[in-house]
Amino acid sequence: MITVLLVEDNEMNRDMLLRRLQRKGFEVLTALNGEEAVQMTKQFLPALVLMDMSLPVLDGWEATRRLKADAATRHIPVIALTAHALPAERDRALEAGCAAFETKPIDFPKLLAVMASVQK
811 MITVLLVEDN
821 EMNRDMLLRR
831 LQRKGFEVLT
841 ALNGEEAVQM
851 TKQFLPALVL
861 MDMSLPVLDG
871 WEATRRLKAD
881 AATRHIPVIA
891 LTAHALPAER
901 DRALEAGCAA
911 FETKPIDFPK
921 LLAVMASVQK
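Residue numbers (my numbering): 811 to 930.
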């Protein structure tokens with residue numbers, strides 16, 4: 811079973827995506843902010859991280875930078891999830907180290923395809 815860390819502070823978005831991922835056979839861990847995301851990634855070493863970019867405590871951009879700066883976690887792909895669809899936001903996420911960028915509302919079949927592609 812593939813373990814995914816879902817980092818999302820919005821309860822409705824988190825619960826919806828959590829259930830859909832579980833139905834597809836993923837083991838899903840959840841974090842509510844960037845600080846928790848960094849700690850949980852180091853502790854559990856998930857196969858990939860789905861990271862909301864607008865988070866409390868520590869935003870998704872900085873959390874991704876920290877994961878990519880750490881030898882123990884830099885190999886773990888991070889997919890940015892954001893409501894900000896501007897090209898500059900995409901560039902910012904990729905510069906922080908994200909492997910891919912998906913806008914909300916999430917196109918679930920597309921997200922699954924992106925998740926599969928970044929794990930190769």
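In this text, a Cβ means the ideal position worked out from N, Cα and C, and glycines have one as well. Given the structure is predicted, the values throughout are model-derived calculations rather than measurements.
Expected contact under 8 Å - CB spacing of residue i and residue j to nearest Å
i, j, result
"Met850", "Leu839", "6 Å"
"Leu842", "Ile886", "No, Leu842 and Ile886 are not in contact; Cβ-Cβ is about 19 Å, not under 8 Å."
"Asp869", "Thr892", "Asp869 to Thr892, Cβ: 10 Å. No contact."
"Ile812", "Glu846", "So it is not a contact: roughly 20 Å between Cβ atoms."
Residue i and residue j closer than 7 Å at C-beta
i, j, result
"Gly844", "Leu860", "no"
"Ala882", "Val848", "no"
"Ala923", "Ile889", "no"
"Ala926", "Trp871", "no"
Paired residues, beta bridge with residue i - DSSP
i, result
"Val817", "Ala841 and Met861"
"Glu912", "Leu891"
Short CB-CB distance (under 7 Å) between residue i and chain D
i, result
"Pro856", "In the structure shown, chain D cannot be found, because there is only a single protein chain."
inquiry  = Pairs of beta-carbons, one from the segment 918-925 and one from the segment 899-908, closer than 8 Å: are there three or more?
reply    = Two segments are said to touch when three or more pairs of C-beta atoms, one from each, lie closer than 8 Å; by this definition the segment 918-925 does not touch the segment 899-908.
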